[in-house]
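Our numbering puts the first residue of the sequence shown at 4, with every later residue one more than the last.
This report refers to the structure that appears directly beneath it.
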Amino acid sequence: MERLQKVIAQSGISSRRKAEELIKSGRVFVNGKCVQELGTKVSKKDKIEVDGKILNKEKKVYYLLNKPRGVLTTTSDDKNRKTVKDLIECEERIYPVGRLDYDTTGVLLLTNDGEFANILMHPSHEIPKVYLAKIKGLITKESIHALKKGVFIGNSMVYPDRVKIKKQDVKTQTSFVEVTIHEGKNHEVKELFKAQGYDVIKLTREQYAFFTTSGLKSGEYRKLTPKEVSKVYSLK
Ligand code: URA
4 MERLQKVIAQ SGISSRRKAE ELIKSGRVFV NGKCVQELGT KVSKKDKIEV DGKILNKEKK
64 VYYLLNKPRG VLTTTSDDKN RKTVKDLIEC EERIYPVGRL DYDTTGVLLL TNDGEFANIL
124 MHPSHEIPKV YLAKIKGLIT KESIHALKKG VFIGNSMVYP DRVKIKKQDV KTQTSFVEVT
184 IHEGKNHEVK ELFKAQGYDV IKLTREQYAF FTTSGLKSGE YRKLTPKEVS KVYSLK
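If you want it as structure tokens, here you go:
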């Protein structure tokens, strides 16, 4: 017997947290009965329906994409713009693990395994993400120091784990700064620099946990190895 929210997450339709919301809001039925109790346990024999659709226990798949610029990190778009899903040939209903902005490039994982996604995204696991930001202007040591001390974004503080100037170009008046963060707020890196008065011109996610784009050109993807998948499970 397994918890209902875990079974829903494992089926790939959502993260564990989203599954809890689905249950609480009365969108989940077990053997024809609406279940809103989070602790409910189910077995393989139980018929689970979410929004009227029978839960499909499909094969788990895992991809690593080197996301190019100008692609949305969603699975569909009402304006018919290109999404990351359009770049990957696969039958399963995969979705991105976290998100990158339309103009951000680099490491993006996609899966139909909600538990796997949850391990990487849950704030308590503090999974590091490394970004390389090209910013307008020559960033000062004082600004780097201020970033390291933490920046108020939205309604909470963000403390980067590491901030390092990689290169400064006096001629073009630009700087390249590597930032490691473990939170997952929207536009977090751009907001960090904005708080110090700098605009991000280009942003690349170089690393997510231990994943990098090594060997993948922009727009290319590969399947994760079983070893990589277990390594993520061991981060729990
Ligand atoms: N921070 C941002 O500002 N944008 C991204 O795409 C990712 C992190």
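Just so you know, even glycine gets a beta-carbon here, dropped at the ideal spot from N, CA and C.
Owing to the predicted nature of the structure, the values given are computational and were not obtained by experimental measurement.
Within the model, the alpha-carbon separation for ARG72 versus THR107 is close to 6 angstroms. Of all C-beta pairs linking the region 184-201 to the region 148-157, three or more are shorter than 8 angstroms, placing the two stretches in contact.
When distances are taken from the beta-carbon of HIS190 to the heavy atoms of ligand 1, the shortest one is below 6 angstroms.
Taking a contact to require three or more Cβ pairs closer than 8 angstroms, the region 114-133 and the region 174-183 qualify as touching. Here DSSP, grouped into helix, strand and coil, assigns TYR211 to strand.
Membership of ARG165 in the beta strand (DSSP E) is indicated by the continuous run 165-172. Taking 3 residues as the shortest admissible run, the region 101-183 contains the following complete beta strand (DSSP E) segments, listed from N- to C-terminal end: 108-114, 132-139, 154-156, 159-161, 165-172. By a beta-carbon distance limit of 8 angstroms, LEU238 contacts ALA212. Their separation comes to about 7 angstroms. The beta carbons of LEU75 and LEU111 sit no closer together than 7 angstroms.
One Cα belongs to SER17, the other to ARG6, and the distance between them is close to 15 angstroms.
In terms of Cβ geometry, TYR201 and GLY109 do not form a close pair [threshold 7 angstroms]. At least one heavy atom of ligand 1 lies closer than 6 angstroms to the C-beta of LEU103.
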